[in-house]
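What follows is one structure encoded as structure tokens, with my remarks underneath.
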Amino acid sequence: MVHDIGTIALSELETALRLYFEGKEHYSVITLAGASEEIFGKLARSHARHETSLDSLTTAALEFDKTLAAKDIYQEANHIRNRTKHWEEGEATVVEFDAPQEAKDMLNRAIDNYYALTKGKRSVVS
Numbered sequence: 069m070v071h072d073i074g075t076i077a078l079s080e081l082e083t084a085l086r087l088y089f090e091g092k093e094h095y096s097v098i099t100l101a102g103a104s105e106e107i108f109g110k111l112a113r114s115h116a117r118h119e120t121s122l123d124s125l126t127t128a129a130l131e132f133d134k135t136l137a138a139k140d141i142y143q144e145a146n147h148i149r150n151r152t153k154h155w156e157e158g159e160a161t162v163v164e165f166d167a168p169q170e171a172k173d174m175l176n177r178a179i180d181n182y183y184a185l186t187k188g189k190r191s192v193v194s
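Shown next, in the form of structure tokens:
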């Protein structure tokens, strides 16, 4: 069976939104919205030729502080998403962060990328 990547990302985003508004599961929201954000961002960049939410954030940060490096901004913006998905031997087994805020931030980035990709279309299905 063939599955469209845009449809998968939309399903992940819809599930993340439902979980977020239920207020129960912020870790899963971060992971699902993060996956959706990444897919929509890559699709928007390659197909629609639009700047991603993270690109906009990076551009703005670099305007305010010229000493920053783009890769450091990307790493910081994705730090919690990556820490909640991956663990390597030798890393701390605890991580401190505001789960509801990180979930909200990742949802906002995913939604921004979805709209950059669709620009008023009703579907991301190709």
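One gets the working numbering by counting positions in the sequence shown from 1 and adding 68 to each.
Even glycine gets a Cβ: it sits at the ideal position worked out from N, Cα and C.
All values derive from a computational prediction rather than experimental measurement.
query, result
"Start and end of the alpha helix (DSSP H) containing Val97?", "His94 to Leu111"
"Measure the C-alpha to C-alpha separation of Met69 and Thr75 and round it to an integer number of angstroms.", "14 Å"
"Less than 8 Å between the CB atoms is what I'm expecting for Thr152 and Tyr95, so what's the real figure, rounded?", "6 Å"
"If you run the structure through DSSP and keep just helix, strand and coil, what is Gly158?", "coil"
"Buried or exposed: which applies to Val162, given that a residue is buried once 16 or more other Cβ atoms fall within 10 Å of its Cβ?", "exposed"
"How far does the alpha helix (DSSP H) with Gly74 in it extend, from its first residue to its last?", "Ile73 to Glu90"
"What residue does the alpha helix (DSSP H) around Ala129 start on, and which one ends it?", "Ser121 to Phe132"
"Distance check for Phe108 and Asp72, CA to CA, integer angstroms please.", "12 Å"
"Relative to the alpha-carbon of Leu125, which residue among Ala138, His115 and Arg113 has its alpha-carbon at the smallest distance?", "Ala138"
"I'd like to know whether the C-beta atoms of Glu80 and Ala103 end up nearer to each other than 8 Å.", "yes"
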